[in-house]
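Engineer: First the structure, which I've put down as structure tokens, then a few questions once you've had a look.
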Amino acid sequence: MYGFANILYCEQVYNFTLPTWITKNNVYAKAKAIGYPGWDYLFGGTAYGNPENVELVKLYSGLQITQMIENMKKRINGTSKVLYHAYSAVSGLYFYG
1 MYGFANILYC EQVYNFTLPT WITKNNVYAK AKAIGYPGWD YLFGGTAYGN
51 PENVELVKLY SGLQITQMIE NMKKRINGTS KVLYHAYSAV SGLYFYG
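Numbering (UniProt numbering), first residue to last: 1 to 97.
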């Protein structure tokens, strides 16, 4: 549901015309109310009356931070010739070159 709500959000930001069944029934607000808390809960955030799961937050963020530190160490030690690493905190994408 989060993905659907996010698509509607992007279409609104870029002034795309939304179908009447979305605007008439306030579908975006309903999808957002269902999807956003679920997304937060999935990654350890507070939702549905549950407190933040600190351990889960650390697990998800720790993987990326560990990878960043390892890449820095490889460059300092001369075992990697990669000039840059680009990380996306939004989509989880990783680019290097």
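We treat Cβ as the ideally placed atom computed from N, Cα and C, and that holds for glycine.
What is the DSSP secondary structure of N77, counted as helix, strand or coil?
Structural biologist: Here residue 77 is taken as the residue at index 77 of the sequence shown, counted from 1. Note: N77 maps to helix in three-state DSSP.
Engineer: Assuming G38 and Y2 form a contact by the criterion Cβ under 8 Å, report the distance between their Cβ atoms to the nearest whole angstrom.
Structural biologist: Along the sequence shown, one-based indexing puts residue 38 at 38. Along the sequence shown, one-based indexing puts residue 2 at 2. Correct: roughly 6 Å between the Cβ atoms.
Engineer: Using the C-alpha atoms, what's the distance from M68 back to G62?
Structural biologist: Residue mapping note: residue 62 aligns to position 62 of the sequence shown, counting from 1. Residue mapping note: residue 68 aligns to position 68 of the sequence shown, counting from 1. Answer to the nearest angstrom: the Cα atoms are 10 Å apart.
Engineer: Hey, how far is the Cα of I22 from the Cα of Y87?
Structural biologist: Here residue 22 is taken as the residue at index 22 of the sequence shown, counted from 1. Here residue 87 is taken as the residue at index 87 of the sequence shown, counted from 1. Cα to Cα, the separation comes out at about 34 Å.
Engineer: DSSP state of Y84, grouped into three classes?
Structural biologist: On the sequence shown, position 84 is the one that residue 84 refers to. Y84: coil per DSSP, three-state reduction.
Engineer: Starting from Y36 and walking both ways along the alpha helix (DSSP H), at which residues does that stretch end?
Structural biologist: Here residue 36 corresponds to residue number 36 of the sequence shown, with the count starting at 1. It spans 27-42 - the alpha helix (DSSP H) in which Y36 sits, taken as one unbroken run.
Engineer: Ends of the alpha helix (DSSP H) at E11?
Structural biologist: Residue mapping note: residue 11 aligns to position 11 of the sequence shown, counting from 1. From DSSP, the alpha helix (DSSP H) with E11 extends over 2-13.
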